[in-house]
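A.B. asks: Residue numbers (this note's numbering): 1 to 79. The C-beta atom is built at its ideal place from N, Cα and C for all residues, glycine as well. Quick caveat, the model's predicted, so the values are computed rather than measured. Sharing a structure here in structure tokens format.
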């Protein structure tokens, strides 16, 4: 191994130590990752549902959904 290889390995070890050396930093990173992944999943599902709704409306809807919703509303109690 050359001297440059040793320097690169040392830099990588220092970067890993900085990233995972502190429990507080590791927990914060996990929390932020979870927060943004949940937000991204929610936005993704909302966009897909909106596009699917627009697509269905553009082609005149699905004929049997109206009757299914009507039957469902007949079974639900009216408040």
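(1) Would you identify the three-state DSSP class for residue 63, choosing helix, strand or coil?
(2) Mapping the DSSP letters down to three states, classify residue 78 as helix, strand or coil.
(3) What do you reckon, are the CB atoms on residue 20 and residue 26 nearer than 8 Å?
(4) Do you know how far the Cα of residue 60 is from the Cα of residue 69?
(5) Could you have a look at residue 1 and say whether DSSP puts it in helix, strand or coil?
C.D. replies: Short version:
(1) For the purposes of this step, residue 63 is identified with residue 63 of the chain shown, where counting begins at 1. Three-state result, residue 63: helix.
(2) For the purposes of this step, residue 78 is taken as residue 78 along the chain shown, with counting starting at 1. Here residue 78 sits in coil by DSSP.
(3) Counting from one through the chain shown, the residue named residue 20 turns up at place 20. Counting from one through the chain shown, the residue named residue 26 turns up at place 26. Yes.
(4) Mapped onto the chain shown, residue 69 falls at position 69. Mapped onto the chain shown, residue 60 falls at position 60. Distance between the alpha carbons of residue 69 and residue 60: 16 Å.
(5) Against the chain shown, residue 1 aligns to sequence position 1. Correct three-state label for residue 1: coil.
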